[in-house]
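Heads up, the thing below is written out as structure tokens.
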Amino acid sequence: MTTDTKNSAFKSMWVWAAFGLMALVFFVNYLFFSVAVGTSPGLVNEEYYKYGLQQNKIDKQLRTQSARGWQVSLDVAQAWQAGENNVIAVTVLDKDNNPLTGGLAEVTAYRPSDAKADIILQLEEKSAGVYQTPITLPMKGVWDLNVLFTLGENKHMLNQRVSITGDSVDEPSTLEKIVNFIVPR
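Residue numbers for the sequence shown, in my numbering: 11 to 195.
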């Protein structure tokens with residue numbers, strides 16, 4: 011076999027077409043992956059039509075919230091374990107750094123992958139402008155914390171994503187999931 015015979019495969023249009031097709035597949039997969047990582051969690055809202063009708067009100071609320079100048083921060087533990095008791099604290103200050111008192115604070119903790127695990131909690135005002143509540147998130151993974159602070163007619167929304175580590179309290183093991191899938195109870 012000569013060198014010309016060995017290299018003749020790379021001169022064929024079909025070999026280059028196969029390499030081109032594989033490169034195209036990898037490129038498209040890369041695009042899908044980068045879009046999936048960089049966009050919203052893709053939660054499905056059961057009442058998407060009503061939500062769509064409300065979008066202008068939500069946009070107006072966000073512009074009003076920005077103009078109001080309130081400083082709302084959500085404090086959570088940095089190393090959060092599944093099943094571990096923690097405290098969520100929301101601090102609310104006006105544009106002059108004075109604490110806002112007498113408001114209502116609510117936190118919704120939801121998992122983008124499991125709507126059944128959603129938790130809604132009311133926070134208590136522990137000191138001037140500081141609202142707290144204990145919370146235990148039962149499953150590891152990504153959780154989104156949505157804060158809604160209301161003072162009179164004024165509302166402020168804040169969202170923060172947290173990652174929970176450790177073993178899930180209520181989540182079955184992989185083997186249990188497989189067995190339950192094969193032999194439903």
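Backbone N, C-alpha and C define an ideal beta-carbon position, used for all residues, glycine too. A quick note: this is a predicted structure, and the numbers were derived from the prediction, not measured.
Are there 16 or more other CB atoms within 10 angstroms of the CB of residue i, so buried, or fewer, so exposed?
i	result
Lys150	buried
Ile145	buried
Arg171	exposed
Arg121	buried
Ile98	buried
Gly176	exposed
Val102	buried
Got a sec? Which residues, its chain only, sit under 7 Å from residue i by beta carbon, not counting five neighbours each side?
i	result
Thr160	Gly113, Leu114
Enumerate in chain order the residues of its own chain whose CB-to-CB distance from residue i is below 8 Å, with the five nearest sequence positions on each side excluded.
i	result
Trp153	Ala119, Tyr120, Arg121, Leu147, Arg171, Val172, Ser173, Ile174
Leu72	Met167
In terms of alpha-carbon separation, which member of the options lies closest to residue i?
i	options	result
Ala87	Gln81, Val100, Gly79	Val100
Lys165	Ala19, Glu116, Lys126	Glu116
Ala125	Glu56, Leu34, Gly30, Ser44	Glu56
Leu131	Leu31, Val157, Leu110	Val157
Ala82	Trp24, Gly30, Asp106, Asp128	The question names Ala, but residue 82 is Val in the sequence shown. Checking every option, the nearest Cα to that of Val82 belongs to Asp106.
Leu155	Val193, Gly162, Asp128, Lys136	Asp128
Pro109	Gly93, Gly139, Trp80, Gly162	Gly139
Across which residues does DSSP place residue i in a beta bridge pair?
i	result
Thr101	Ser83, Val140
Gln91	Thr175
Asn96	Ile145
Please return the same chain residues whose Cβ sits closer than 6 Å to the Cβ of residue i, not counting the five positions on each side in sequence.
i	result
Asn39	none
Glu135	Tyr141
**OP:** With a floor of 3 residues, list each beta strand (DSSP E) that falls wholly inside the stretch 112-192, ordered by position along the chain.
**Re:** 114-121, 124-137, 140-146, 151-161, 164-174
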